[in-house]
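S.K.:
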Amino acid sequence: MDLRTALLLPGQGAYRPGAFAGPVSAPVAELLAVVDGVAAEFGHAPVSPLLTDAGTDAADGRRLAGTDPFALQLAIYAAALVYAREADLRAPADVVLGHSMGEMAAAAHAGCFTAADGARIAAHRARALEHCAAGTGGMLALTLPARRATALLAAAELPGARLAVVNAPRHVVVSGPGDALGRLAALADVLGVRAVRLTAPYPFHNPLLATAQAEFAAAIEGIPERPAQRRLYSPALGGLVTDDTDVKASLIAQVTRPVDFLAALRELQTYGLESVVECGRAGLGELVRQAVGCGAQTADRWLATGTREGPAAPAAGAAAQVAVPMAPPVPDSGAWAPVSAPAARERPAAAIPVAEPAPVHVPATAPAAPDPTAAGPAARVPGPVPALSPAGPAAGGDVLAALQQVYADRLGYPVEAMDPDADLEGDLGIDSLKRMEVLSTLIDRFGLHHVADDTRFALQSTLGGLARLIDETGRTTAPTAVRADG
């Protein structure tokens, strides 16, 4: 099965006031009218003006999250559907997936629900949250790998705070009570970890929402569900939707369950994923690049270049216009390690292992985590790269010990924290630029000038694997355990 192109329907952070300001095509106007009709069923004013009025005094997403979260969530649903339909007119995608609450719009776009019933599901969810979860908390993004974030939460002992979303190798979101998130943000600042409070009005994907979840489940019980009419991937389920999948149950479950977006992208890559179109303003593209080496195109540009007045017929080779080649995925040995391709195709729905991750050492003074959105694009390696075996004979103790000393000195960690099997990026926070700096030091320390262009050294993800590779390729000088900056 080839799933080369994907439509990505975003969630909470995708709202943009006046996104469709100006003339819109008849299909867009019809879809917005459908959502407005559902809003009226719930006794609410139309939400389409939030998207169509250029001069609207409606708040931005942050203000709207506090004053009218019901309207905000319906507007996000409507916008995602509009963008998805416009994107499909240009270049029909092979698979659809949603991010967090974007899964409701993704399921509707895939045909599991009518546009109106999908809007009703979104409205019932929003209303249940208003009734049961007002003032319960919010969400905080951290520039950390999942395992380190989990360890930090365990050490901080913050009641109600949970790892809610894993977006990329070094980007997670924590949800919980406001005071807990405030303490976590302060702790992150001390540790040099970037923390950003999100516009989310509730602690999504957290057991704190169990009461709202129960009300939501009861409210949508009678809404009809149909088999998906196209390929649909559900991050909530951890796999592709089949005719037997209970999509409503997955939407109910994700209210309190964490979302592993990183694993979803990695599994789709095993099906041949090559390009992603984000159905909204740019927001997830950088996370997609970090996860699987590809930036997402955004569908909103098409609404600004003529499709407002009517749909454009797909041009020959249209898929190539939005395709962005993907680099090989960066291995990640965290608690959300990607499954193998055969296992991914066979499993109906995998649970996300967040409760009991593998233990990881968190140094008392962690190094500052780089801002993933500020870094330039990862360097692409031309030509085929020889496959590396993650296992093998133990490397010579002198090589491994010297490697541990070099990295410990470079990072300011104790040597004993340099686990041979720890992932250099996922566990130790060593980004690609820092790895290249250290590699230049290793070339001198180990006499590796004869293999300086061997790309396997740059791609190796653990100290143990790097030590084995040095032994395999041979070295011209004995290793010396000296400081990397000396």
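Mind the numbering: the sequence shown is residues 1 to 486 in my numbering, read in order. A virtual CB, placed ideally from N, CA and C, is assigned to each residue, including glycine.
(1) Below 7 Å between beta carbons: does that hold for L7 and C279?
(2) Where T462 and H44 are concerned, what is the direct C-alpha to C-alpha distance, given to the nearest angstrom?
(3) State buried or exposed for V190, treating a residue as buried only when at least 16 other CB atoms are found within 10 Å of its CB.
(4) Among the candidates A146, E41, H205, whose CA atom is the shortest distance from the CA of H124?
(5) With a 10 Å radius around its C-beta and 16 neighbouring C-beta atoms as the bar for buried, classify P23 as buried or exposed.
(6) Please tell me whether E221 and R4 are closer than 7 Å, where the distance is taken between their beta carbons.
(7) Give every residue of the same chain whose Cβ lies closer than 8 Å to the Cβ of H99, excluding the five residues on either side of it in the sequence, and list them in chain order.
(8) Just the Cα atoms here: how many angstroms apart are Y202 and A79?
(9) M139 lies in the beta strand (DSSP E); which residues open and close that run?
(10) Going straight from the alpha carbon of G111 to that of L81, what length do you get?
(11) Could you check how far apart the C-beta atoms of V255 and L209 are, in whole angstroms? I think they sit under 8 Å.
(12) Taking its Cβ as the centre, do 16 or more other Cβ atoms sit within 10 Å of L181, making it buried, or is it exposed?
(13) For the segment 76-156, which segments carrying the alpha helix (DSSP H) assignment without a break, of at least 4 residues, lie completely within its bounds, in sequence order?
(14) What does DSSP give as the partner residues of E41 in its beta bridges?
(15) Would you identify the three-state DSSP class for V165, choosing helix, strand or coil?
(16) Helix, strand or coil for L198, going by three-state DSSP, please let me know.
(17) For Y407, name the three-state secondary structure that DSSP assigns.
(18) How far does the alpha helix (DSSP H) with A186 in it reach, from first residue to last?
(19) Would you kindly work out how many angstroms separate the C-alpha atoms of E157 and L424, rounded to a whole number?
(20) Alpha carbon to alpha carbon, what distance is there between R230 and T114?
(21) Could you tell me whether the Cβ atoms of A119 and Q73 are closer together than 7 Å?
(22) Who are the Cβ neighbours of A253 in its own chain at under 7 Å, not counting the five residues just before and after it?
(23) If you drop the 5 nearest sequence neighbours on each side, which residues of the same chain put their C-beta closer than 7 Å to that of A264?
(24) Hey, could you find the ends of the beta strand (DSSP E) L232 is sitting in?
(25) For I541, I'd like the list of residues in its chain whose CB is within less than 6 Å of its CB, leaving aside the five on either flank, ordered along the chain.
(26) Would you mind stating whether F70 and A126 have Cβ atoms separated by less than 7 Å?
(27) Could you tell me the distance, in whole angstroms, from the CA atom of L142 to the CA atom of A228?
(28) Check whether the Cβ atoms of A168 and A14 lie closer than 7 Å to each other.
(29) Are the beta-carbon atoms of G160 and G138 separated by less than 7 Å?
(30) Quick check on this structure: which residue in A29, V34, R62 has the alpha carbon closest to the alpha carbon of D53?
(31) Could you check whether A149 and V172 sit closer than 7 Å to each other, using their CB atoms as the reference points?
(32) Here's the rule: buried if 16 or more other CB atoms are within 10 angstroms of the residue's CB, otherwise exposed. What is V196?
(33) Can you have a look at G238 and say buried or exposed, based on whether 16 or more other CB atoms are within 10 angstroms of its CB?
(34) If we ignore side chains and look at the alpha-carbon of each, how far apart do E225 and L268 end up?
(35) Between the Cα of E130 and those of D68, R266, A422, I223, spot the shortest distance and give me the residue it belongs to.
(36) Within 10 angstroms of its Cβ, does D243 collect 16 or more other Cβ (buried), or is it exposed?
M.R.: Let me spell this out:
(1) yes
(2) 55 Å
(3) exposed
(4) E41
(5) exposed
(6) no
(7) L8, L9, P10, G11, P235, V259, F261, L284
(8) 21 Å
(9) 138-142
(10) 12 Å
(11) 5 Å
(12) buried
(13) 102-109, 115-133, 146-156
(14) DSSP output for E41 lists no bridge partner at all.
(15) strand
(16) coil
(17) helix
(18) 178-191
(19) 26 Å
(20) 14 Å
(21) no
(22) A236
(23) L97, Y233, P235
(24) 232-234
(25) Residue 541 lies beyond the range of the chain shown here (1 to 486); nothing can be said about it.
(26) yes
(27) 34 Å
(28) no
(29) no
(30) A29
(31) yes
(32) exposed
(33) buried
(34) 24 Å
(35) D68
(36) exposed
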